[in-house]
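S.K.: Have a look at this one before I ask anything.
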Amino acid sequence: MASPEHPGSPGWMGPIAQCATGTEQEAAATGPDLPCPGPDEHLGKDSHRSRDPQKGSSPQGGRRHTVRFADTPGGPSPNSSMTTGELQEYWRKEKRGWRRVKLLFEVASARIEERKVSKFVMYQIVVIQTGSFDSNKAVLERRYSDFETLQKNLLKTFREEIEDVVFPKKHLMGNFTEEMISERKLAFKEYLSLLYAIRCVRRSREFIDFLTRPELREAFGCLRGGQYTRALDILVRVVPLQEKLTAHCPVMVVPALCAMLVCHRDLEHPAEAFAVGERALQCLQAREGHRYYAPLLDAMIRLAYTLGRDFISLQKRLQDSQLRKPTPWGLTLKELTVREYLY
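Every letter in the sequence shown is one number past the one before it in our numbering, and letter 104, counting from 1, is 95.
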């Protein structure tokens, strides 16, 4: 644990770490609530009520309500007092600035892998973003049993939504023939594309985990083992894909970004660590109740001091958040990240 006294910083309040865990608004890597609230969900019942001309409305187009917002990144403050008309205009402007990330799936190749007691085919999946040059295309490998597990998990929650999506059947023989492998490559490409076309499915924990969890588990395992360079190599490849898949709820990528910060910092790359930390803070924005918020700010303050940057504003931000919502002394950022993706 770092010293509670920050050199050259009068009034340093010491490392303040873990926010209260288990809050309803939290979105941890091990199981965030999906999907995150959208703008239509934040208007609340009052948004319909104020449209009644018989109800007392303000000249601005609606009764003035104090609306309790969930911690939507970039949204109005939690205790925003806005008329319904102002709220609706705010979300109209927000929607105009949104761009849905569209992904394209290709099953580029396949290889047969033989182990002591098993033999199977590994399919290479390439995921790219459409509409512009994608320098961060994702390349991952999955076997038939991984696809099968995804299908079973999705059926538990989205049976009606995916009833028209055909899953490639398992065969007792001929699974390793060139003809069968080529057929499966096309079938899995179509399967992933159809799933991605269904909004509730592409935003689901099951779909996102299928494409990112194996790599994230490996990366966090390397982090726990002190293999920071290896962990970074994996995270640099998987985090861009995770960001594209979770554009609807950016807070879901915070644990992985914080893991990258920890790796850079412990490899004595403070500038790179600080840059990643800024990305993580951008994802959290007004989510002061999130369990990563205080530990991340504490780490950023120390990095800013090391780099000779403005740490006073970060320290004030942390102090203000503690005044608004005091949290108990808890874990450092590293102690928090190493607990992710254990299973």
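Note that CB positions come from ideal geometry on N, CA and C, so glycine has one too.
For the segment 164 to 244, list the alpha helix (DSSP H) runs that are entirely contained and at least 4 residues long, ordered along the chain.
M.R.: Runs found: 169 to 187, 190 to 193, 196 to 215, 219 to 236.
S.K.: Would you identify the three-state DSSP class for A266, choosing helix, strand or coil?
M.R.: As a working note, residue 266 is residue 275 in the sequence shown. Three-state result, A266: helix.
S.K.: In the DSSP assignment, what residue or residues form a beta bridge with E132?
M.R.: In the sequence shown, the residue the question calls residue 132 occupies position 141. Answer is Q115, bridged to E132.
S.K.: Count the CB pairs spanning the segment 236 to 248 and the segment 267 to 276 that are closer than 8 Å, and state whether there are at least three.
M.R.: At 8 Å Cβ cutoff, the stretches touch.
S.K.: Could you tell me which of E77, L309, A222 sits nearest to G280, measuring between CA atoms?
M.R.: Counted from its first residue, the sequence shown places residue 280 at position 289. Of the listed residues, the one whose Cα sits closest to G280 is L309.
S.K.: Within the same chain, show all residues whose beta-carbon is closer than 7 Å to that of K176, passing over the 5 residues directly before and after it, in chain order.
M.R.: Here residue 176 refers to the residue found at position 185 of the sequence shown. Contacts found: V98, A101, Y114.
S.K.: Is the beta carbon of L146 less than 7 Å from the beta carbon of Q120?
M.R.: Indexing the sequence shown from 1 puts residue 146 at position 155. Indexing the sequence shown from 1 puts residue 120 at position 129. No, they are not a contact pair.
S.K.: Check the C-beta distance from L223 over to C254 and give it rounded, since I have them as a contact under 8 Å.
M.R.: On the sequence shown, position 232 is the one that residue 223 refers to. On the sequence shown, position 263 is the one that residue 254 refers to. Their Cβ separation, rounded to whole angstroms, is 5 Å, which keeps L223 and C254 in contact under 8 Å.
S.K.: Among residues of its own chain, excluding the 5 on either side of E132, which ones have a beta-carbon nearer than 6 Å to its beta-carbon?
M.R.: Within the sequence shown, numbered from 1, the residue matching residue 132 stands at position 141. Hits under 6 Å: M113, Q115.
S.K.: Which same chain residues, not among the five before or five after L232, have their C-beta less than 7 Å away from its C-beta?
M.R.: Counted from its first residue, the sequence shown places residue 232 at position 241. Excluding residues within five positions, the ones whose Cβ falls inside 7 Å are V118, A129, L202, T203.
S.K.: Based on Cα-Cα distance, which residue from P205, P319, P241, L324 lies nearest to Y283?
M.R.: Position 292 of the sequence shown holds residue 283. Residue L324 is the option with its Cα nearest to Y283.
S.K.: Check Q306 in the structure and name its three-state DSSP category.
M.R.: Looking up residue 306 in the sequence shown gives position 315. It is helical.
S.K.: Please look up how many angstroms separate the CB atoms of C213 and I225, rounded, as I've assumed it's under 8 Å.
M.R.: The residue labelled residue 213 in the question sits at position 222 within the sequence shown. The residue labelled residue 225 in the question sits at position 234 within the sequence shown. Confirmed, about 7 Å.
S.K.: According to the Cβ coordinates, are A266 and L294 closer than 7 Å?
M.R.: Taking the first residue of the sequence shown as position 1, residue 266 is located at position 275. Taking the first residue of the sequence shown as position 1, residue 294 is located at position 303. No, these two residues do not count as a Cβ contact at 7 Å.
S.K.: Bridge partners of Y313, per DSSP?
M.R.: If you number the sequence shown from 1, residue 313 lands on position 322. Correcting the residue identity first, residue 313 is Gln in this sequence and not Tyr. Answer is none; Q313 lacks a bridge partner.
S.K.: Where does Q142 fall in DSSP's three states?
M.R.: On the sequence shown, position 151 is the one that residue 142 refers to. If DSSP states are grouped into helix, strand and coil, Q142 belongs with the helices.
S.K.: If you draw a straight line from the alpha carbon of L186 to that of L305, how long is it in whole angstroms?
M.R.: Mapped onto the sequence shown, residue 186 falls at position 195. Mapped onto the sequence shown, residue 305 falls at position 314. If I take the Cα positions, the gap works out to 42 Å.
S.K.: When you compare only the Cα positions, how much space is there between E154 and F302?
M.R.: Taking the sequence shown and counting its residues from 1, the one referred to as residue 154 is at position 163. Taking the sequence shown and counting its residues from 1, the one referred to as residue 302 is at position 311. Rounded to whole angstroms, E154 to F302 spans 54 Å at the Cα level.
S.K.: Count the other CB atoms within 10 Å of the CB of T318; is the residue buried (16 or more) or exposed (fewer)?
M.R.: If you number the sequence shown from 1, residue 318 lands on position 327. Counting Cβ neighbours within 10 Å, T318 comes out buried, since at least 16 surround it.
S.K.: Which residue or residues does DSSP assign as beta-bridge partners of T75?
M.R.: On the sequence shown, position 84 is the one that residue 75 refers to. Note: T75 sits in no beta bridge, so no partner.
S.K.: Check I103 in the structure and name its three-state DSSP category.
M.R.: Looking up residue 103 in the sequence shown gives position 112. In this structure, I103 counts as strand in the three-state DSSP scheme.
S.K.: From Y332, Y334, I103, pick the residue whose C-alpha is nearest to that of E169; which is it?
M.R.: Taking the sequence shown and counting its residues from 1, the one referred to as residue 169 is at position 178. Among Y332, Y334, I103, the Cα nearest to that of E169 is on I103.
S.K.: When the Cα of K161 is compared with those of S126, T140, T148, which residue comes out closest?
M.R.: By 1-based counting over the sequence shown, the position of residue 161 is 170. Comparing Cα-Cα distances from K161 to each of S126, T140, T148, the minimum goes to T140.
S.K.: By how many angstroms is the C-alpha of R194 removed from the C-alpha of C240?
M.R.: The count along the sequence shown starts at 1 and reaches residue 240 at position 249. The count along the sequence shown starts at 1 and reaches residue 194 at position 203. Straight-line Cα distance between these residues: approximately 9 Å.
S.K.: Secondary structure at Q273, three-state DSSP: helix, strand or coil?
M.R.: One-based indexing of the sequence shown puts residue 273 at position 282. The answer is helix: DSSP assigns Q273 an H, G or I state.
S.K.: So, with DSSP's three-state summary, where would you put L361?
M.R.: The first residue shown for the chain is -8 and the last is 334, placing residue 361 beyond what the model contains.
S.K.: Just confirm the distance between the C-beta atoms of A290 and L252, as a whole number of angstroms; I'd bet it's less than 8 Å.
M.R.: Stepping through the sequence shown from its first residue, residue 290 is reached at position 299. Stepping through the sequence shown from its first residue, residue 252 is reached at position 261. Rounded, the Cβ-Cβ distance is 7 Å, consistent with contact.
S.K.: When you compare only the Cα positions, how much space is there between R215 and P205?
M.R.: By 1-based counting over the sequence shown, the position of residue 215 is 224. By 1-based counting over the sequence shown, the position of residue 205 is 214. Each residue's Cα considered, the two are about 16 Å apart.
S.K.: Tell me K110's beta-bridge partners as DSSP assigns them.
M.R.: As a first step, residue 110 must be located in the sequence shown, where it is residue number 119. Paired residues: E105.
S.K.: Mind checking which residues open and close the alpha helix (DSSP H) that includes Y284?
M.R.: Counting from one through the sequence shown, the residue named residue 284 turns up at place 293. Per DSSP, Y284 belongs to the alpha helix (DSSP H) from 284 to 298.
S.K.: Hey, how far is the Cα of I189 from the Cα of M243?
M.R.: As a first step, residue 189 is located in the sequence shown; it is residue number 198 there, counting from the start. As a first step, residue 243 is located in the sequence shown; it is residue number 252 there, counting from the start. Cα to Cα, the separation comes out at about 20 Å.
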